[in-house]
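Residue numbers (our numbering): -6 to 257. Notes follow the structure.
Structure representation (structure tokens):
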């Protein structure tokens, strides 16, 4: 979507993506059955509402927030409205700039499938900057080293890779442990950062084991999580090189990981 010059192709891909598994999706499975998930989603919402009532909550949003930092649904809504109010002027300014540049490429009315493409053209025109051109500045080992240094500076915790006595599901996977300033073990995490055949696309963090204390047995279960990406693997003995967007993705997922690992 960022680099495809064919506008019709961008529109086709966009519409296929946003309508998948909906009433607008004409595709079927091997049995000729519709892929529309609307009924399933409706059932999920109903069951979540029932779950909330059974647990003594007014709605499922309150259930979700019961294990999170926000105190109430109202607090979350207030935060989001405040964020939208502050971000809207800058968003409108960016949109106006994109619309102006779009006309230079024969696009009279900017559409959703044009945004990433035109934004890339703006970067190249205004800053002579391309995601591909800045890859050499972000070799993965240095990005990871910098990430861990920032975490240590901000939170006083140290990250150490552990290669012995660790079970891994692929040779690309690495395991790390977190320690506080007194060298107390806080938890551990796996990095599975490279794309490979059969692996799901995208990037995410998943908790594998949560922190739990058994006071009566004086025992504490430490948290473990794994952070997954689909970065380009290293080739010909050279380090994997990330785009700036991929650096942001790694930092983003690591933030989720820290949330899981440091929550008490």
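For glycine and all other residues, C-beta sits at the position ideal for the given N, C-alpha and C.
Tell me the DSSP secondary structure of residue 21 in three-state form. On the chain shown, residue 21 is found 28 positions in, with the first residue counted as 1. DSSP places residue 21 in the strand class (E or B) of the three-state scheme.
Between which two residues does the beta strand (DSSP E) carrying residue 198 extend? The count along the chain shown starts at 1 and reaches residue 198 at position 205. Boundaries of the beta strand (DSSP E) around residue 198: 197 to 202.
Beta-ladder partner(s) of residue 132, from DSSP: On the chain shown, position 139 is the one that residue 132 refers to. 234, per the DSSP bridge assignment.
Identify every residue that forms a DSSP beta bridge with residue 151. The residue labelled residue 151 in the question sits at position 158 within the chain shown. When DSSP reads this structure, residue 151 sits in a beta bridge with 172.
Apply the 10 Å Cβ neighbour rule to residue 64 and answer buried if 16 or more other Cβ atoms are within range, or exposed otherwise. The residue labelled residue 64 in the question sits at position 71 within the chain shown. Label assigned to residue 64: exposed.
Between the alpha carbons of residue 191 and residue 129, how many angstroms are there, rounded? As a position in the chain shown, residue 191 is number 198, starting the count at 1. As a position in the chain shown, residue 129 is number 136, starting the count at 1. Take the alpha-carbon of residue 191 and the one of residue 129: they are about 28 angstroms apart.
Taking only runs of the alpha helix (DSSP H) that begin and end inside the stretch 49 to 105, which ones reach a length of at least 4 residues, in chain order? For the stretch 49 to 105, whole alpha helix (DSSP H) runs of length 4 or above, ordered along the chain, are 53 to 58, 66 to 97.
For residue 7, name the three-state secondary structure that DSSP assigns. Walking along the chain shown from the start, residue 7 turns up at place 14. Residue state for residue 7 is assigned as helix, using DSSP reduced to three classes.
State the CB to CB distance for the pair residue 113 and residue -4, rounded to an integer number of angstroms; the pair is presumed to be in contact (CB under 8 angstroms). Here residue 113 is taken as the residue at index 120 of the chain shown, counted from 1. Here residue -4 is taken as the residue at index 3 of the chain shown, counted from 1. Between the beta-carbon of residue 113 and that of residue -4 there is about 7 angstroms, and that keeps the pair under the 8 angstroms contact cut.
Quick one: what's got a C-beta closer than 6 angstroms to residue 159's C-beta in the same chain, skipping five residues either side? Taking the first residue of the chain shown as 1, we reach residue 159 at position 166. Within its own chain, the residues whose Cβ lies closer than 6 angstroms to the Cβ of residue 159, once the five positions on either side in sequence are excluded, are 168, listed in chain order.
Of the residues 189, 253, 188, the one placed nearest residue 218, counting alpha carbons only: Walking along the chain shown from the start, residue 218 turns up at place 225. Residue 253 holds the alpha-carbon nearest to the alpha-carbon of residue 218 among 189, 253, 188.
Does residue 10 pass the burial test, meaning 16 or more other C-beta atoms within 10 Å, or should it be called exposed? Mapped onto the chain shown, residue 10 falls at position 17. By the 16-neighbour rule on beta-carbons within 10 angstroms, residue 10 is exposed.
Please state if the CB of residue 136 and the CB of residue 240 are separated by a distance shorter than 8 angstroms. Here residue 240 refers to the residue found at position 247 of the chain shown. Here residue 136 refers to the residue found at position 143 of the chain shown. The beta carbons of residue 240 and residue 136 sit closer together than 8 angstroms.
For residue 193 and chain D, any beta-carbon pair shorter than 8 angstroms? Note that chain D does not occur in the displayed structure, where there is just one protein chain.
Within the chosen definition, does the stretch 181 to 200 reach the stretch 77 to 91 through at least 3 CB pairs nearer than 8 angstroms? No: the two stretches stay apart, fewer than three of their Cβ pairs being nearer than 8 angstroms.
Using beta-carbon positions only, say whether residue 172 and residue 143 come within less than 8 angstroms of one another. Locating residue 172 in the chain shown gives position 179, where the first residue counts as 1. Locating residue 143 in the chain shown gives position 150, where the first residue counts as 1. Here residue 172 is not near residue 143, since their CB atoms are 8 angstroms or more apart.
Could you check how far apart the C-beta atoms of residue 244 and residue 140 are, in whole angstroms? I think they sit under 8 angstroms. If you number the chain shown from 1, residue 244 lands on position 251. If you number the chain shown from 1, residue 140 lands on position 147. Indeed they touch by this definition, with Cβ atoms about 6 angstroms apart.
For residue 214, tell me which candidate among 60, 255, 71 has the shortest Cα-Cα distance. Start at 1 with the first residue of the chain shown, and residue 214 comes out as number 221. That would be 255, whose Cα lies nearest to the Cα of residue 214.
Bridge partner(s) assigned by DSSP for residue 185: Counting from one through the chain shown, the residue named residue 185 turns up at place 192. In DSSP, residue 185 forms a bridge with 221.
For residue 131 versus residue 237, is the C-beta spacing smaller than 8 angstroms? Your numbering for residue 131 matches position 138 in the chain shown. Your numbering for residue 237 matches position 244 in the chain shown. Yes; because the gap between Cβ atoms is below 8 angstroms, this pair is in contact.
Rounded to the nearest angstrom, what separates residue 108 and residue 16 at their Cα positions? For this step, residue 108 is matched to residue 115 along the chain shown. For this step, residue 16 is matched to residue 23 along the chain shown. Rounded to the nearest angstrom, the two C-alpha atoms are 25 angstroms apart.
Let's test the definition: count the other Cβ atoms within 10 Å of the Cβ of residue 78 and tell me whether it reaches 16, buried, or not, exposed. For the purposes of this step, residue 78 is taken as residue 85 along the chain shown, with counting starting at 1. Counting every other CB atom within 10 Å of its CB across the protein chains shown gives residue 78 a total below 16, marking it as exposed.
From residue 204 to residue 212, what does the alpha carbon distance come to, in whole angstroms? Position 211 of the chain shown, counting from 1, holds the residue named residue 204. Position 219 of the chain shown, counting from 1, holds the residue named residue 212. Taking the straight line joining both Cα atoms gives about 11 angstroms.
Given a cut-off of 8 angstroms on the beta-carbon distance, is the pair residue 251 and residue 222 in contact? Numbered from 1 along the chain shown, position 258 holds the residue referred to as residue 251. Numbered from 1 along the chain shown, position 229 holds the residue referred to as residue 222. Residue 222 is positioned such that its CB atom lies no closer than 8 angstroms to that of residue 251.
Identify whether residue 163 lies in helix, strand or coil by the three-state DSSP scheme. The sequence position of residue 163 within the chain shown is 170, counting from 1. Of the three classes helix, strand and coil, the one that applies to residue 163 here is coil, per DSSP.
Can you tell me where the beta strand (DSSP E) with residue 206 in it begins and where it stops? Locating residue 206 in the chain shown gives position 213, counting from the first residue. Where residue 206 is concerned, the enclosing beta strand (DSSP E) stretches over 205 to 207.
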